[in-house]
Amino acid sequence: MKLENNQEKHDPIADLRVWRFSYSDEIPKEIIRGSGHAIEYKVKKTSWMIPVGCLSLLVYSGRLDGELKEEAERFIEKFSSESFNQRLVTAEDIAEANSLIDRVLQSIK
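In this text, residue positions in the sequence shown follow my numbering: the first is 2, and each later residue adds one.
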């Protein structure tokens, strides 16, 4: 869908689905920097803008409520914090994100 200023409107559910199922959960032995890799990795900090941004859109548009909304808000706070930005992404971070995204995708079909 195109907006008035010719920008495409992104579907946060579709974007979450892409991040969840198309980005790799693998943690490479070497730190991944920059773009142009054949594989998109969830360990790249810039990729975390996708779940944080999409969950923010879903929360503030009222598409999430109750416990799932509260969990999404905690996720947004945690993964947009300075402390997260100052450390490496862990397997636990990826598992937490995957789990929440799975529940969001189940709740909004």
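Positions of the beta carbon are idealized from the N, C-alpha and C atoms, including for glycine.
I think W20 touches I40, with their Cβ atoms under 8 Å apart; what is that distance to the nearest whole Å? Residue 20 sits at position 19 when you count from the first residue of the sequence shown. Residue 40 sits at position 39 when you count from the first residue of the sequence shown. In fact, because the Cβ distance is near 13 Å, the residues do not count as touching under 8 Å.
Let's see if you can read the secondary structure: which residues bound the alpha helix (DSSP H) around R34? Numbered from 1 along the sequence shown, position 33 holds the residue referred to as residue 34. No alpha helix (DSSP H) holds R34; DSSP gives it neither H nor E.
Quick one: what's got a C-beta closer than 6 Å to V90's C-beta in the same chain, skipping five residues either side? As a working mapping, residue 90 is identified with position 89 in the sequence shown. These residues qualify, in order along the chain: V44.
Start and end of the alpha helix (DSSP H) containing E83? The count along the sequence shown starts at 1 and reaches residue 83 at position 82. Per DSSP, E83 belongs to the alpha helix (DSSP H) from 83-86.
Ends of the alpha helix (DSSP H) at D16? Residue mapping note: residue 16 aligns to position 15 of the sequence shown, counting from 1. 13-23 is the span of the alpha helix (DSSP H), which, as asked, contains D16.
Close-in-space but distant-in-sequence residues of the same chain around L69 (CB under 7 Å, 5 per side omitted): As a position in the sequence shown, residue 69 is number 68, starting the count at 1. Cβ neighbours of L69 beyond the five flanking positions: R104, V105, S108.
Since I believe N86 is in contact with K46 (beta carbons under 8 Å), could you give me their beta-carbon distance rounded to a whole number of angstroms? Along the sequence shown, one-based indexing puts residue 46 at 45. Along the sequence shown, one-based indexing puts residue 86 at 85. Their Cβ separation, rounded to whole angstroms, is 7 Å, which keeps K46 and N86 in contact under 8 Å.
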